[in-house]
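Visitor:
Numbering (the UniProt record's numbering), first residue to last: 1 to 132.
#1: Does the contact criterion of 3 or more C-beta pairs under 8 Å hold for the region 79-91 versus the region 54-64?
#2: Please give me, in chain order, every unbroken run of the alpha helix (DSSP H) with length at least 4 that falls completely inside the region 61-120.
#3: Which complete alpha helix (DSSP H) runs does the UniProt domain "DUF5681" (3-57) hold, if anything under 4 residues is left out?
#4: Work out the CA separation of residue 112 and residue 122 for me, nearest whole Å.
#5: How about the region 26-38 and the region 11-18: do they share at least three Cβ pairs that are nearer than 8 Å?
#6: Let me make sure I understand the geometry here. Which of 44, 23, 7, 97 has the alpha-carbon closest to that of residue 71?
#7: Please state if the CB of residue 77 and the CB of residue 108 are separated by a distance shorter than 9 Å.
#8: Quick check on residue 80: buried or exposed, where buried means 16 or more other Cβ atoms within 10 Å of its Cβ?
#9: So for residue 59, helix, strand or coil by DSSP?
#10: Return yes when the Cβ of residue 51 is within less than 9 Å of the Cβ of residue 38, no when it is not.
Now the structure itself:
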């Protein structure tokens, strides 16, 4: 296919006017300490845009952190699930914490179920394996 005037050879390539980020970084790299100092000075002087830019770019986003909780879990999984729901209803744990605890109880129930099935299969194999 021959080159046609006015048509890009790579139509899905970088659009015109898009700045190469690596070149831009390299261009301001040596002045970065002064730029940060100027932004900090402006923020301290009351420039809210400078303060917001510094906070947004320098500090990581705050994420909710769970605090350890003690729950009176029941003797079986159903009772434990009810205890978790009651704790959520009483605002002792957040709904998100309650959901994660219930997911853990669900995973535990699958482990218990698998263990029980394995024991049953072993008992059946032992019982019917001996009679052969």
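Where a beta carbon is used, it is the ideal one built from N, C-alpha and C, also for glycine.
Source: prediction; values computed, not measured.
Guide: Put simply:
#1: Segments in contact, no.
#2: Here the runs fully enclosed are 77-89.
#3: 21-28, 32-44, all fully within the UniProt domain "DUF5681" (3-57).
#4: In a straight line, the C-alpha of residue 122 is about 15 Å away from that of residue 112.
#5: Cβ pair count under 8 Å is below three, so no.
#6: Just measuring C-alpha positions, the residue of 44, 23, 7, 97 sitting nearest residue 71 is 97.
#7: A contact, by the Cβ cut-off of 9 Å.
#8: Classification for residue 80: buried.
#9: DSSP, read as helix, strand or coil, puts residue 59 in coil.
#10: No. Outside cutoff.
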